[in-house]
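S.K.: Chains as they are written, first to last, in the numbering used here: chain F, 487 to 562; chain G, 5 to 103. We treat Cβ as the ideally placed atom computed from N, Cα and C, and that holds for glycine.
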């Protein structure tokens, strides 16, 4: 996702569209947007944390509205 | 964050003082099918619209990324009665769902 007009805590962080999947890898639920410290390729499976406090700490902005962050990229 | 399309604006003559400095927009959430086909997507009848606080200046028809719940009030140093906050106006989405 590309956004030039955004909250200041977003700048410098890539935003990824993430599709939640069920235990069989089938798409489930609505798309969420997460920031990622790792990058992460198109189609890779990731784990998302919805810990707003940890995300605020990561972007070093105690007033950031961001919540979702990618915490790991799965090998397979 | 989630995606929504701005479909209107709320105008209030008397409002809570904490709301000053921003606009209130009416937004329609976007589901998978709508994100895949943004140009032709109609407003979903399944999901209800909501009001989102905006201080970026999103216009009618813009796609926005919003956050709801507790994080919506995080950017403010005062208590503010909002459910959703506009984090960014989307310029481009690179959405390629796997078959």
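1) For residue 76 (chain G) and residue 94 (chain G), which I take to be in contact (beta-carbon distance under 8 Å), what is that distance rounded to the nearest angstrom?
2) Based on the DSSP output, what are the partners of residue 33 (chain G) in its beta bridges?
3) Report yes if the C-beta distance between residue 31 (chain G) and residue 38 (chain G) is below 8 Å; otherwise report no.
4) Distance check for residue 499 (chain F) and residue 558 (chain F), CA to CA, integer angstroms please.
5) Can you say whether residue 497 (chain F) is buried or exposed, counting buried as having 16 or more other CB atoms within 10 angstroms of its CB?
6) Quick one: Cα of residue 8 (chain G) to Cα of residue 98 (chain G), how far?
7) Under a CB-based cut-off of 8 Å, is residue 26 (chain G) close to chain F?
8) Mapping DSSP to helix, strand and coil, what is residue 540 (chain F)?
9) So, at 8 Å on beta carbons, what are the nonlocal neighbours of residue 59 (chain G) in its own chain, with the 5 sequence-adjacent residues on each side left out?
10) Please confirm whether residue 552 (chain F) and residue 536 (chain F) have their CB atoms less than 8 Å apart.
11) Any beta carbon from chain G within less than 8 Å of residue 499 (chain F)'s own beta carbon?
12) Using the C-alpha atoms, what's the distance from residue 508 (chain F) back to residue 514 (chain F)?
13) Can you give the beta carbon distance from residue 506 (chain F) to residue 518 (chain F), rounded, assuming they're within the 8 Å contact cut?
14) Would residue 102 (chain G) count as contacting chain F if we go by Cβ distances under 8 Å?
15) May I ask you to verify whether the region 51-65 of chain G touches the region 10-17 of chain G, counting CB pairs closer than 8 Å and requiring at least 3?
16) State yes or no: is the beta carbon of residue 540 (chain F) nearer than 8 Å to at least one beta carbon in chain G?
17) Determine the DSSP secondary structure at residue 512 (chain F), reduced to helix, strand or coil.
18) Using a Cβ cut-off of 8 Å (strictly closer), state whether residue 37 (chain G) contacts chain F.
M.R.: This is what the structure holds:
1) On the second chain, residue 76 (chain G) is found 72 positions in, with the first residue counted as 1. On the second chain, residue 94 (chain G) is found 90 positions in, with the first residue counted as 1. Wrong, their Cβ atoms sit about 18 Å apart, outside the cutoff.
2) Position 29 of the second chain, counting from 1, holds the residue named residue 33 (chain G). Bridge partners of residue 33 (chain G): G:8.
3) The residue you call residue 31 (chain G) lines up with position 27 of the second chain. The residue you call residue 38 (chain G) lines up with position 34 of the second chain. No, these two residues do not count as a Cβ contact at 8 Å.
4) Position 72 of the first chain holds residue 558 (chain F). Position 13 of the first chain holds residue 499 (chain F). Each residue's alpha carbon lies about 16 Å from the other.
5) Walking along the first chain from the start, residue 497 (chain F) turns up at place 11. Its Cβ having fewer than 16 others within 10 Å, residue 497 (chain F) is exposed.
6) Reading the second chain from its first residue, position 4 is the one you call residue 8 (chain G). Reading the second chain from its first residue, position 94 is the one you call residue 98 (chain G). Their Cα atoms are separated by approximately 16 Å.
7) What you label residue 26 (chain G) is simply residue 22 of the second chain in a count that begins at 1. Not closer than 8 Å to any Cβ of chain F, the Cβ of residue 26 (chain G) fails to qualify, so no.
8) In the first chain, counting from the first residue as 1, residue 540 (chain F) sits at position 54. It is helical.
9) Stepping through the second chain from its first residue, residue 59 (chain G) is reached at position 55. Within the same chain, residue 59 (chain G) has close Cβ partners 25, 26, 27, 90.
10) Taking the first residue of the first chain as position 1, residue 552 (chain F) is located at position 66. Taking the first residue of the first chain as position 1, residue 536 (chain F) is located at position 50. Contact flag unset, no.
11) By 1-based counting over the first chain, the position of residue 499 (chain F) is 13. For residue 499 (chain F), the answer is no, since every Cβ of chain G falls outside 8 Å of its Cβ.
12) Here residue 514 (chain F) corresponds to residue number 28 of the first chain, with the count starting at 1. Here residue 508 (chain F) corresponds to residue number 22 of the first chain, with the count starting at 1. Distance between the alpha carbons of residue 514 (chain F) and residue 508 (chain F) is about 6 Å.
13) Counting from one through the first chain, the residue named residue 506 (chain F) turns up at place 20. Counting from one through the first chain, the residue named residue 518 (chain F) turns up at place 32. 7 Å between Cβ atoms; contact.
14) By one-based count along the second chain, residue 102 (chain G) stands at place 98. Chain F, which has a Cβ nearer than 8 Å to the Cβ of residue 102 (chain G), makes this yes.
15) yes
16) Along the first chain, read from residue 1 onward, the residue named residue 540 (chain F) stands at position 54. Cβ-Cβ to chain G under 8 Å: no for residue 540 (chain F).
17) What you label residue 512 (chain F) is simply residue 26 of the first chain in a count that begins at 1. Three-state DSSP puts residue 512 (chain F) in coil, outside helix and strand.
18) Position 33 of the second chain holds residue 37 (chain G). Chain F contact via Cβ: absent.
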